[in-house]
Each structure stands twice: as C-alpha cells, then as structure tokens.
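In what follows, a structure is listed as structure tokens, so that the remarks can point back to it.
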Amino acid sequence: MCGPIAFMLPLDRSRPTKKLLQLSLYHLGRLFSYALLGLVFGLVGKSLHLFGFQQKLSIAIGILMIVLVVLPSKYFSTVSLRGPIYKVMGRIKSKLANELKKKSPDTFLTIGLLNGFLPCGLVYMALFAAIAIGSPIQSSLYMVLFGIGTVPLMTTAVYAFNSFGNGIKTKVRKLVPLLVALVGFLFIIRGMGLGIPYISPKPVVQEVVSSDFECH
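1015 is the number of the first residue of the sequence shown in the numbering used here; add one for each residue after it.
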C-alpha cells in the first residue's frame, strides 16, 4: 500500500531540496501514525500480559502470520469487509486522494498520516509484534523504529522507481511473505519459553516465599 502512494506523491521534482523536504514531511507523518498505532496496540498487549496470556498470544500471533502467508488469498476473498472498518478505510482513501492533488507544505504531512492507517501486510506484522511486546511505550517506540527502517528503501524507490525492472519488483514481492513467515516462526519460538537469551527467554515466574513466624 505504501509503495504506490509514495510513487504518486505530488513532489516538486524540478527542485531537489524542496523535493527532499516534502518527502521528509511524508515520512514524518507516517512515523507519527505508526507511533500512535504502537501505543494503542501496546495497551492491548499490556492488558493481555496482565492476564497471563503473553506467551500464548505470542504463539497464536506467530501461527496466524504463517497461516496468512501459506493459505492462498482466495480463502479470504469471501470475507466481507463491509461495516465500520470498511467505511473508515473508505474515508481515509477519499481524503488521501484529495490530498494527492495538492502541493501545499502540510499536504505531505497529511498524506503520511493517512498512509500510516491504511492496510499493509508489513504494518500488520509490526502491529502483531507491538501487541506481543505488551508495553505501550516500548510498542510505540518499536513502531517508530519499524517506520524508520522503511524510510531508506521507500526513499530510494521514489528516486529510482523508473530504473527498477519488473524482475526486481517481483523478487521483492516474493521476499515479503518469506519475511513474514520467518517472523511468525520467531514469535512461536519466543512464546515457547525455551530459555534462549533474547530469542525465547523463560517466563518470569513470581515466587512467593513463605516465612516461618515464631510465636513467642
């Protein structure tokens, strides 16, 4: 979703400095949206963590990510998107289409903000991770870092889109599902609590130490 929108940005291509500034505002808007989404999904993850569902949640998210990659898209074509979510997305797309026709300084920031809320497979993957983190602040920071990680490639794509051959674009599309499946596998390993540092740490168990009280 982000790629086509980035290619359609109404950038001032005759002035390199202004073009870079406009593109930076677009990225800034995306980062803000990701930070907000991370905060919200981090709150969800924190609630689940308090109820002791963190490990099971991590395994469930990992399985879901792998299933979404393995199963053909035709199995999801029958799922109706009508309803509140569909209407919200429709409004965002409509607003985005209007902003793409403008060239004012705030346009690029607004496009970035709206872009951050549109459906995207990699963003879904990052949000799953944000839930599993279970901390609003850390989840928000994680989403910001995720957004920063997308900046170099998207910036390169905007500047060199016409030089990309169809072969390169096809390879990138094929690489994304493999990446999602790999992250899903890591989530499953993480939830199993195998005692592997940083990858699958053992669950923290709070032990209640009972003291013997002497009666005098």
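All C-beta atoms in this analysis are idealised placements derived from N, C-alpha and C, irrespective of residue type, glycine included.
Remember, predicted model here, so these are calculated numbers, not experimental data.
- The criterion of a C-beta distance shorter than 8 Å is not satisfied by L1071 and A1144.
- Membership of M1139 in the alpha helix (DSSP H) is indicated by the continuous run G1135 to I1147.
- Closest in C-alpha terms to S1154, from the list I1080, L1085, M1206 and K1060, comes K1060.
- Residue pairing from DSSP leaves I1125 without any beta-bridge partner.
- With a 10 Å radius around the Cβ and a threshold of 16 neighbouring Cβ atoms, F1122 comes out buried.
- Apart from sequence neighbours up to five positions away, the residues of its chain that approach Y1040 with a beta-carbon distance below 8 Å are A1020, L1023, F1122, L1123, I1125, G1126 and N1129, ordered along the chain.
- S1047 sits buried, since 16 or more C-beta atoms from the chains shown fall within 10 Å of its C-beta.
- Annotation for K1032: D1026 place their beta carbon closer than 6 Å to its own, counting only its chain and skipping 5 residues before and after.
- For F1160, the uninterrupted alpha helix (DSSP H) segment begins and ends at P1150 to A1174.
- For L1192 and V1137, the gap between their C-alpha atoms comes out near 15 Å.
- Here the alpha carbons of S1028 and L1082 stand approximately 42 Å from one another.
- Listed as beta-bridge partners of I1210 by DSSP are S1214.
- Here S1118 carries a coil assignment [DSSP, helix/strand/coil].
- Looking from the CA of V1190, the closest CA among M1079, Y1156, P1150 and M1157 belongs to M1079.
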